[in-house]
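Q: Below are the structure tokens for one structure; questions will follow.
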Amino acid sequence: ALTPQNKWTKRHLSWRIRTYPKESSLLGRDTVRALMYYALKVWSDISPLNFHEVAGNDADIQIDFTKADHNDGYPFDGPGGTVAHAFFPGERFTAGDTHFDDDEAWTFRSPESHGMDLFAVAVHEFGHAIGLAHTSAIESIMRPYYQGPVGDPLKYNLPYEDKVRVWQLYGVRDSVSHTVRPDDPSQTADSPVLLDLPENRSTVQPARDSPDRCTSHFDAVAHIRGEAFFFKGKYFWRLTREKHLVSLHPAQIHRFWRGLPINLDSVDAVYERPGDHKIIFFKGLQYWIFKDTNVEEGYPRPISDFGLPMEGVDAAFVWLHNDKTYFFKDNHYWRYDDHLRRMDLGYPKDSTLWKGVPAQLDDVMRWSDGSSYFFKGKEYWRVVGSDMEVEAGYPRSIGKDWLLCSEMQSDSPATDTNNTAETRLHGQHHADHAKEGEVCSCTS
Amino acid sequence: APSLTAEQMDMGVDWLSKFGYLPPPDPVTGQLQTKEALTKAIKAMQKFGGLEETGVLDIATLGLMKTPRCSLPDLSDTEMAVGRKRR
Chain A
29 ALTPQNKWTK RHLSWRIRTY PKESSLLGRD TVRALMYYAL KVWSDISPLN
79 FHEVAGNDAD IQIDFTKADH NDGYPFDGPG GTVAHAFFPG ERFTAGDTHF
129 DDDEAWTFRS PESHGMDLFA VAVHEFGHAI GLAHTSAIES IMRPYYQGPV
179 GDPLKYNLPY EDKVRVWQLY GVRDSVSHTV RPDDPSQTAD SPVLLDLPEN
229 RSTVQPARDS PDRCTSHFDA VAHIRGEAFF FKGKYFWRLT REKHLVSLHP
279 AQIHRFWRGL PINLDSVDAV YERPGDHKII FFKGLQYWIF KDTNVEEGYP
329 RPISDFGLPM EGVDAAFVWL HNDKTYFFKD NHYWRYDDHL RRMDLGYPKD
379 STLWKGVPAQ LDDVMRWSDG SSYFFKGKEY WRVVGSDMEV EAGYPRSIGK
429 DWLLCSEMQS DSPATDTNNT AETRLHGQHH ADHAKEGEVC SCTS
Chain B
336 APSLTAEQMD MGVDWLSKFG YLPPPDPVTG QLQTKEALTK AIKAMQKFGG
386 LEETGVLDIA TLGLMKTPRC SLPDLSDTEM AVGRKRR
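Chains as they are written, first to last, in the numbering used here: chain A, 29 to 472; chain B, 336 to 422.
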């Protein structure tokens, strides 16, 4: 094998799919995103590296589906031949970037004759992106030649040869590996599943006791990896970066956020920590830290770790203006530095300093427009940029502005008018697919 | 091995240069690869690919050259330089 070309000095690497496969591709965008997530997870499970998806242009690993000569010195050559490449870590602007030949027929869970298994090639290329070169070792995923599909991404086990080479570069991962142990079927059933292709998509009917998004007060609201999550009881709704509601029916917290106690009937506050992008859930006097959708070892822990009084937390968010974390409880708030992991001095302060914001908040979150949103009951208030005063024209209705509720609409199944949220969601008048559980999206 | 067509030979030399087994032909003199360098490059590629090291572009070797693969070279410039220096 080649001597390692280079390695990352930092441990938290961001990634982003800048261009997707051509429209005619067999694979939808969510499947491509999920496959990239799991291909990166293969390496982060066994090394101290952490990957998180971002939206901006400054991702460490920019992923493109492109073809022919794309001006990087490694032109593709149509179907077959060269199928992908990635740039080694280092100072170059392209370090870590990964390109897939858009002239290939990229497949997922398909026989080798149908095309090129995207997950297998992505694992190989991300090996380059973290510093591994080609090897002649027969077992290795880093052999230069395409060896066909490598099976289910959730059960994939990296060849030992490749683990050793990553450990030589970065050392071993200090916490328990997150890779699902292939001999442990209970875990594979529970891990965040990959999107099934349309013909065999599983539909899980919403439980009878699921809350109505148009008449609910929310327990917590959070901005996670660019998306918005509204939590109520044991359920949550999810909005994409474009503020599109992923499904009219809520998903079950325990089926997606893995590791919370099964008797947990609601959460108090949730936020995404700056720096390592881990996600923190609060309930009562305890909190849990998630790496992606899995609780880390050693949680829950007491909220006194943050220097908070043992009274609980109403709301938590990271203010874009100073990247500090704000906790609210009743009519007080605290400012915490998540980079130094230390409470700032001089707190708590009176929450009336946030002019126009009510006390006893349900939660707060920042949004991709740079503003901060304060939620209480069925209403929300917006504070722009670095202001500390509510913008004129607020409060407004959460249901109407965020969750596709009309003034009077309740979401009970009985309302079967043509003017359902689903038709508005898509603009055409057609049956509400959400009832059959057909409107769903699963991303990393 | 059956005699190679000129086209197969060209494809083989291009492939070996592209993936780091042969230095690109000298842009100034346009000097072609020596037969010895070519044989050595073919053997290195056959070894990396798990083939019998015959040193000629036999069917198995040409077949492997047609297999879909990653664009990155198998040997870096330094590996090749070391090879040349050792020679």
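Where is the CB? At the ideal position from N, CA and C, for every residue including glycine.
This structure is a prediction, so every number in the text was calculated from the model and none was measured.
#1: Taking C-alpha atoms, which residue in F116/A, G405/A, G326/A lies nearest to R241/A?
#2: Between T37/A, L63/A, D390/A, E132/A, which lies nearest to E51/A when the distance is taken from Cα to Cα?
#3: Just verifying my parser: in three-state terms, what is the DSSP assignment at Y66/A?
#4: Within the same chain, show all residues whose beta-carbon is closer than 6 angstroms to that of F383/B, passing over the 5 residues directly before and after it, in chain order.
#5: According to DSSP, is D391/A part of a helix, a strand, or is it coil?
#6: Is the distance from the Cβ of T154/A to the Cβ of W71/A below 8 angstroms?
#7: Hey, is S164/A's beta-carbon within less than 8 angstroms of any beta-carbon in chain B?
#8: Below 8 angstroms CB to CB, which residues in the same chain sit around G398/A once its five sequence neighbours on both sides are set aside?
#9: Just curious, the beta strand (DSSP E) that L267/A is in, first and last residue?
#10: What are the residues of the stretch 98-109 of chain A that lie near chain B, defined by any Cβ-Cβ distance shorter than 7 angstroms?
#11: Taking the straight line between their C-alpha atoms, what separation do you get for M393/A and Q280/A?
#12: Beta-carbon separation of T353/A and Y364/A under 8 angstroms?
#13: What distance in whole Å lies between the Cβ atoms of D391/A and F403/A, which are believed to be in contact at a cut-off of 8 angstroms?
#14: Distance cutoff 8 angstroms, beta carbons only. Does M64/A sit that close to anything in chain B?
#15: Between I169/A, T122/A, P107/A, I331/A, which has its C-alpha nearest H142/A's C-alpha?
#16: As a quick exercise: from D73/A, D130/A, F116/A, pick the residue whose alpha carbon is nearest that of Y48/A.
#17: Quick one: Cα of K262/A to Cα of F284/A, how far?
#18: With 8 angstroms as the threshold, decide whether the Cβ of P360/B is near any Cβ in chain A.
#19: Indicate whether at least one CB of chain A lies closer than 8 angstroms to the CB of L351/B.
#20: Assign E255/A to one of two classes, buried (16 or more other C-beta atoms within 10 Å of its C-beta) or exposed (fewer than that).
#21: Straight-line CA distance for Y65/A to F104/A?
#22: Around the Cβ of A7/A, are there at least 16 other Cβ atoms within 10 angstroms (buried) or fewer (exposed)?
#23: Counting beta carbon pairs with one atom in the stretch 165-175 of chain A and one in the stretch 396-404 of chain B, are three or more of them shorter than 8 angstroms?
#24: By alpha-carbon positions, which one of I74/A, A87/A, D125/A, K383/A ends up nearest to H98/A?
#25: Can you give the Cα-Cα distance for D145/A and I166/A, rounded to whole angstroms?
#26: Give me the DSSP bridge partner(s) of D92/A.
#27: Which residues in chain B have a C-beta closer than 7 angstroms to the C-beta of T144/A? List them in chain order.
#28: Closer than 8 angstroms, CB to CB, is E153/A near chain B or not?
#29: Examine chain B for any beta-carbon lying closer than 8 angstroms to the beta-carbon of A387/A, and answer yes or no.
#30: Since H367/A meets chain B, which of its residues come closer than 7 angstroms, beta carbon to beta carbon?
#31: Are the C-beta of S230/A and some C-beta of chain B separated by less than 8 angstroms?
#32: Does Y13/A have its Cβ less than 8 angstroms from a Cβ in chain B?
#33: When burial is assigned at 16 or more other CB atoms within 10 Å of the CB, is G427/A buried or exposed?
#34: Report the neighbours of H113/A on chain B: residues whose CB is nearer than 8 angstroms to its CB, in chain order.
#35: Looking at the secondary structure, which residues open and close the alpha helix (DSSP H) in which K382/B lies?
#36: Candidates S138/A, V346/A, G287/A: which alpha carbon is nearest T1/A's?
A: Taking the structure as given:
#1: G405/A
#2: E132/A
#3: helix
#4: D409
#5: strand
#6: The question names Thr, yet the displayed sequence has Phe at residue 154/A. In contact: F154/A and W71/A (Cβ atoms closer than 8 angstroms).
#7: yes
#8: L348, V412, G413
#9: 263-267
#10: Y102, G108, G109
#11: Distance between the alpha carbons of M393/A and Q280/A is about 21 angstroms.
#12: Yes. Within cutoff.
#13: Contact between F403/A and D391/A holds, since their C-beta atoms are separated by about 5 angstroms, short of 8 angstroms.
#14: no
#15: P107/A
#16: D130/A
#17: 11 angstroms
#18: no
#19: At a cut-off of 8 angstroms between beta-carbon atoms, L351/B makes no contact with chain A.
#20: buried
#21: 24 angstroms
#22: Coverage of chain A is limited to positions 29 through 472, which leaves residue 7/A absent and any answer about it impossible.
#23: Short answer: they touch.
#24: The residue with the shortest Cα to Cα distance from H98/A is D125/A.
#25: 19 angstroms
#26: H127/A
#27: Before going further, note that residue 144/A is Met rather than Thr in the sequence given. Chain B residues near M144/A: P403.
#28: Interface residue, yes.
#29: no
#30: Below the 7 angstroms Cβ cutoff, chain B contributes no neighbours of H367/A, its closest Cβ being approximately 36 angstroms away.
#31: With a pLDDT of 36 at S230/A, under the threshold of 50, the modelled position of this residue cannot be trusted; read the value that follows with caution. Cβ-Cβ to chain B under 8 angstroms: no for S230/A.
#32: The requested residue 13/A is not part of the displayed model; chain A covers only 29 to 472.
#33: buried
#34: C405, S406, L407
#35: 370-383
#36: The structure shown does not extend to residue 1/A, since chain A is modelled only from 29 through 472, so no value can be given for it.
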